[in-house]
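Protein chains in written order, with the UniProt record's numbering: chain A, 1 to 476; chain B, 1 to 476; chain C, 1 to 288; chain D, 1 to 288.
A virtual CB, placed ideally from N, CA and C, is assigned to each residue, including glycine.
Remarks on the structure that follows.
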Amino acid sequence: MEQEKVVNNSQPVIKELDYVVLKREDIYKAVQIQPKRKIIFEKQWLFLDNAVGQPYGTTFDVIAGGVLQAQKPRPAGSLQESKEAGVDNRNIVDDGRSQKLTRDDIETLKEQGLKGQDIVQQLIDNSTTFRDKTEFAQEKYIKKKKKKYENIVTIVKPSGRVLAQMYHGREPGKICHLRYDTLGQMLTLGNIHAGNKVIVFETCAGLVLGAVMERLGGYGSVIQMCPGGGPVRAATDSFGFPEHFYEMLHEFPLSKVNSLLDGSLVYSVEEKSEAEQTNTLEDCMQTKEEIPDQCDLVNERNDQDEELMETSSREEQGKQNKGSSNIQDIKVQDKRVKQEEKQRKEKIAAALLREKNADGLVIASRFQPSPVVLSLLKFVAPSRPFVIYSQHKEPLIECYTKLRERGGVISLRLSETWLRQYQVLPNRTHPKLLMSGGGGYILSGITVEMDAEKPSETEKTGEPAGKRLKIQHAQD
Amino acid sequence: MEQEKVVNNSQPVIKELDYVVLKREDIYKAVQIQPKRKIIFEKQWLFLDNAVGQPYGTTFDVIAGGVLQAQKPRPAGSLQESKEAGVDNRNIVDDGRSQKLTRDDIETLKEQGLKGQDIVQQLIDNSTTFRDKTEFAQEKYIKKKKKKYENIVTIVKPSGRVLAQMYHGREPGKICHLRYDTLGQMLTLGNIHAGNKVIVFETCAGLVLGAVMERLGGYGSVIQMCPGGGPVRAATDSFGFPEHFYEMLHEFPLSKVNSLLDGSLVYSVEEKSEAEQTNTLEDCMQTKEEIPDQCDLVNERNDQDEELMETSSREEQGKQNKGSSNIQDIKVQDKRVKQEEKQRKEKIAAALLREKNADGLVIASRFQPSPVVLSLLKFVAPSRPFVIYSQHKEPLIECYTKLRERGGVISLRLSETWLRQYQVLPNRTHPKLLMSGGGGYILSGITVEMDAEKPSETEKTGEPAGKRLKIQHAQD
Amino acid sequence: MSFVEYGEYIQEGDISIVFLGHESMFPIKVQHGAQTQTRYGVIRHSTDLIGKKYGSKVTCSKGGWVYILHPTPELWTVNLPHRTQILYSTDISMILMMLELKPGSIVCESGTGSGSLSHSIIRTIAPTGHLYTVEFHQQRAEKATEEFIAHRVAHLVTVKNQDVCKDGFGVVGVADAVFLDIPSPWEAIVHAKAAIKQGGGRLCSFSPCIEQVQRTCLALSECGFEEISTMEVLLRVYDVRTVSLPVPDLGSEPPGSQQATVTYKSAVTPKEMAGHTGYLTFATKSLL
Amino acid sequence: MSFVEYGEYIQEGDISIVFLGHESMFPIKVQHGAQTQTRYGVIRHSTDLIGKKYGSKVTCSKGGWVYILHPTPELWTVNLPHRTQILYSTDISMILMMLELKPGSIVCESGTGSGSLSHSIIRTIAPTGHLYTVEFHQQRAEKATEEFIAHRVAHLVTVKNQDVCKDGFGVVGVADAVFLDIPSPWEAIVHAKAAIKQGGGRLCSFSPCIEQVQRTCLALSECGFEEISTMEVLLRVYDVRTVSLPVPDLGSEPPGSQQATVTYKSAVTPKEMAGHTGYLTFATKSLL
């Protein structure tokens, strides 16, 4: 226990090249700390250089020229959220004179070096109508003013929670609208933990992969199945995992699954045909272009910010390298080396799959799930959980039916969670006025020994569980 | 206003042959007041004779021989629901001695003429563990004891609210699992009000029909479409509408809809073939047998009470008449008269439909909805709402698609409501621990002038509303 | 037309709804000689509207077209001028149902607010019922009165400009049902009780915050109300769409034999929905 | 096997789950010579279980068969002996996620209760993390300790029998995360703060009643916690069924040409579901 204390109290500090998350209220942006690099966050230019050496969790003021300045910790209970709000706006007469501070006053305050937070407080104190506004109006007011005057940013360590909330809040289309609570359900239902050998197939920008790797903590192994076009791993990079985490990460092209399963896939040194390269590991490792999100038919709220919410620095570094180096030889040689490395890694992945003893299967993609599930389940050991996410219920109903016909799975369950956030304030407690309309659907189950015999017909009909139970008790 | 006061203060009293609802806590039973008739309510035999002459809303004690005795009004705040509960059961040691009252004590209390309510209070006061039980356990305790000792019953007037809650709570299979809030949505979305001419097709025991008739208040007209097998109207009867309400109620057999629409349906005096009788109005008026609920695939909680929750007295009276009368002639003559009456009424219904100016269409059935909707909408005027209920979402998705293809409808909306009940008690406020998993789905819309031209192709694709709007603005 | 009676044809003085497309509509007052500008061009009331059937397609001057709809309380609710936060049809449905409103019911309401619920109540209790609605704010009371006249339902409603917590509803012993949507409903419970008729009746209180509900339930219980029950109703609207998913390439033989995509008719959940409007607390004032 | 490491074969001393059918299962301890009675007959551990693969189908003496499953915290949660109200997987998932638990995390928990959440925490923080769990009730603390030994996770957990509100967690400045499921969480907030390490950490409090949440949020705010956020997660499980609806007879020609029924693959909503377990309040203890 003494040792633990020492380990845990070594307060982690921000280092150069760290993957970090910028945070303001509930807005997040994942970014890598790079010297003299301009970052846009909430329409503001920042340089993160001054963050280096500061502990994680530090809040900074953004001062002139986008430079960060670490804040002193503030007393608890910040902006006046606990003051009484008007219950309706019956007494509000908006004559355009409700703010006693003039523009000039505010400019003077700014010149006096008042922090944004304090300016907002001044505005509130000098508003004659604030107290009578409804809480909804008050919130809107504070949010607006904060955005305008409060130039602060907190730098936190990336985590599955933070990144899942970031993507869900700002670019749900990139992660197939997977809500963070749903991701949490998947990790638990999949019994993902250190030492697992997990098969992952996702098209969620690498968020699901990253969340699985975080739970493995560098122990065990992940085989990521890559579709044609390759995986996008911006989110995985944003976790900022230590290098050794990547040693447990393997890739295998989805397009070779059937040949691996029927035994026709053979590896030899000579086998590296051009055709193969284009469609397989090449994609897994390098392609980071966005694939148009075909399943994204729901209208997205148009973000005013057009900035990307995560800055994939690895990619940019790559581009810079390409830009700076003009020597064709090096590129060719590089490619050759990479190629061999990939081939070697694919063989390892194939060997891992061939053992057919994976401890779990996690799917969250924009593809039709049933063919993938039916094939990949063959690589999973019996008595292991699997979990399939889809934004839409209908493909999972199909998947459910196919799995029932196949047999060898029990505890099949199609579910959805409702996430309800609350405002808890004195005399103003209620559920938040806006909620997410849906977080997607999950189909989960447990593998068991496959029956030689065909599943009985009763499985396919819609009989209630009670009746079926009598006939065939242990197939459910 | 003076007149209103007089009208409203004439306190309604229970009369013989009234349709009433028996109530204990949240258990309801619809019944007709008949002299010397035995009623089972919550496993108890009752005679309602003493209720006659008492005002509606009276609570009765059930005394020896199932006789009712009107209670005096009690002081506000009945059973001790506001006392403090233990927050967990950490301190409870169940040694079987937590109740200080013995069986003999209780019997003595009963003999002393103590009311059930008071006995339960005595039990609580003499329980050494009650105060430390969790609220959940307390509730269970009170419920159990109340059921055992409290022989009271309140008699209330039937209403859509009470009957919908009764059916939903006890026999949801009879009403296609239509939850009462969903029924409320239907009546509002359908703009059901006095003066409407409404087409109703339901297989919900007549509950939806009754709810519509209640909102019409005797003004306007209802044409009920009858499937083969005929409607079940037990719930409609239970509303206890005055006779003149039935004058505005018309029936028309669903199986004649197409011939009515294509003009091939002609009425003449000679037309009453035997074949027709069996499949049409005969069923509408008389058949009250339950149809096996084919859409009821969800496991129902088995009610311990096997009693029917409503007593359809009209039916029983009929049986009694049949039993007592043995004269074949009267029966034959009766049938003849009824037959002619039906024929006359069907003609009226046909005429009402032929006008094609219904003000609304309400469907809530166990049948595939789309064919019915597509046909019956032809009888509805433009700029009128329609509303279709289904226990399952998928048939309504189909219906939505068919209606889009058809055109002539706007504001199509598929929706579901969540109903969340709360416990509000000092320091113990939270949503109820059990909630309904689903109240069914509603597809609603508004009729408009039908286009001669075919609906454009964009209607059929899955494009987001935003995009479609640009191309074809007013078809949505 | 009126808000309580359907008319077949559009007439002078009618309030009608111009329907432009998905969730895009607005109310107009039909008047001889008047014109209405839409993004599809002008609608001329005399020639384009008056005498046409409700539900007709009307072509605007720029060639675009709109539908003219008969007003209903539900259409009014999504089109009315907001003077306050309003109640929407989901809560309204529950209120009408649980208050057991029907033709002939006498109802007391406070506050009138923007009149969203008032219109639904009036529709439901017409032609023989009456609504007594009390609004604290004078301008709002006046606007509501004007609207009731324009909508031809003024004979069914009495608007009073007073503080319900102090002065009650102005009627005693007549109401079948009382509805409260005020900041401190617990202060109005005694007046609500007084307004309800001797034989008993129902009450509903709408409050956004749980603390209001707690105080109201306590007051109801102290005043002898029974069957006190608090609930929330949330609406989830689905978007019916054809969703097409790519079929994954698992390297099946022969290549190219697979479909590229598979489609599903799907009821897609909305990205966001109303997560809370308010708690509905119902209670019964029993006999005596 | 252990609860934090999969084993391939069933071995002496293992806790295994006997799966009889839909939601019908129970845990057993595998022991040479032991027998287990099921409604399908006897299972003889030595011959039927030991050495078999997990996931195998085992035929019982009466000819019926069952599956033998590897234990997981999720299966344990639905099979454990209840000593208290327990947390289920839906809330547990949210707690693990929002507390940012992963291998190596140091966690403080109170109360241990029936150990439902404890097992999930241990699974997630193994092999390098540690759980300090505090239980007020002595017997419960003892039972939990026994279970952790039987489940081969005792090295990852320290059980203390004390009152967290008075005595705290017994560790200071070490925790990445603290979880509270106690009647008066506000009384334990100072101890929770003390337990969290200097660099900051996360806290979760689970309470069934909103009044508890209100007091807890106030205490958290007063103690300088940030990002205080309260939520609820509800699970809706669908039943996938083939629903068949009769096709209505509208008198179409020729008669009999219609299908009698039409079928849909439907995800049927459950009749009832858990409407509330508790509110989850999360907060961050920031740096310093």
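- For C:Ala-175, the secondary structure class from DSSP, reduced to helix, strand or coil, is strand.
- At a cut-off of 4 residues, the continuous stretches assigned as alpha helix (DSSP H) that sit fully inside the stretch 196-270 of chain D are 210-222.
- For the set D:Gln-85, D:Ala-260, D:Asp-239, D:Glu-227, the Cα lying nearest the Cα of D:Met-98 is the one of D:Glu-227.
- For A:Ile-446, the chain D residues whose Cβ falls inside 7 Å of its Cβ are Leu-69, in order along the chain.
- With 16 or more other Cβ atoms from the protein chains shown falling within 10 Å of its own Cβ, A:Leu-249 counts as buried.
- Beta-bridge pairing by DSSP links A:Leu-434 to C:Ala-274.
- For A:Glu-107, not one C-beta of chain C is nearer than 7 Å to its own C-beta.
- Judged by DSSP secondary structure, C:Ala-144 falls within the alpha helix (DSSP H) whose first and last residues are 138-150.
- As DSSP reads the structure, D:Lys-57 sits in a beta bridge with D:Tyr-67.
- Beta-bridge partners assigned by DSSP to A:His-250: A:Ile-223.
- Annotation: A:Thr-429 is outside any beta strand (DSSP E) and is labelled neither H nor E by DSSP.
- Rounded to the nearest angstrom, the gap between the Cα atoms of A:Asn-126 and C:Gln-198 is 52 Å.
- For A:Phe-367, the nearest beta carbon of chain C is closer than 7 Å to its own beta carbon.
- In this structure D:Val-153 touches D:Val-4 by the C-beta definition: roughly 6 Å separates them, less than 8 Å.
- At a cut-off of 7 Å between beta-carbon atoms, A:Pro-12 makes contact with chain D.
- Among the CB atoms of chain D, none fall inside 7 Å of the CB of A:Asn-427.
- When beta bridges are read from the DSSP output, D:Cys-108 appears opposite D:Tyr-132, D:Val-178.
- With 16 or more other CB atoms across the displayed protein chains lying within 10 angstroms of its CB, A:Ile-442 is buried.
- Contact between B:Phe-130 and B:Gln-121 fails: their C-beta atoms lie close to 11 Å from each other, not under 8 Å.
- Using a Cβ-Cβ cut-off of 7 Å, A:Glu-394 counts as an interface residue toward chain C, since at least one Cβ of chain C sits closer than that to its own.
- For the 7 Å CB-CB criterion, B:Cys-204 and B:Leu-178 form a contact.
- Below 8 Å, too few C-beta pairs join the stretch 192-211 of chain D and the stretch 239-250 of chain D to call them touching: fewer than three.
- The criterion of a C-beta distance shorter than 7 Å is satisfied by C:Leu-156 and C:Ile-122.
- Residue state for C:Met-1 is assigned as coil, using DSSP reduced to three classes.
- Our two residues, A:Gln-99 and C:Gln-85, have alpha carbons roughly 24 Å apart in a direct line.
- Each of D:Ser-110, D:Thr-145, D:Phe-148, D:Ala-150 was checked against the Cα of D:Thr-133, and the nearest Cα belongs to D:Ser-110.
- Residue pairing by DSSP leaves C:Thr-72 without any beta bridge partner.
- Using a C-beta cut-off of 8 Å, the stretch 139-154 of chain D makes no contact with the stretch 180-187 of chain D, since fewer than three inter-stretch Cβ pairs fall below that distance.
- In the DSSP assignment, C:Gln-37 falls within the beta strand (DSSP E) that extends over 35-38.
- Under a criterion of Cβ atoms nearer than 8 Å, no residue of chain C is adjacent to A:Val-232; the nearest Cβ is some 15 Å distant.
- In the pairwise beta carbon analysis, the stretch 425-443 of chain B is classified as touching the stretch 389-404 of chain B: at least three pairs are separated by under 8 Å.
- Rounded to the nearest angstrom, the gap between the Cα atoms of B:Ser-415 and C:Val-240 is 10 Å.
- D:Leu-131 does not reach chain A, its nearest Cβ partner there being about 12 Å away, counting only Cβ pairs nearer than 7 Å.
- By the CB criterion at 7 Å, C:Cys-108 and C:Phe-169 fall inside the cutoff.
- Between D:Cys-217 and D:Lys-193, the beta carbon gap of about 15 Å keeps them out of contact (Cβ cut-off 8 Å).
- At a cut-off of 7 Å between C-beta atoms, B:Gly-184 counts as an interface residue with respect to chain C.
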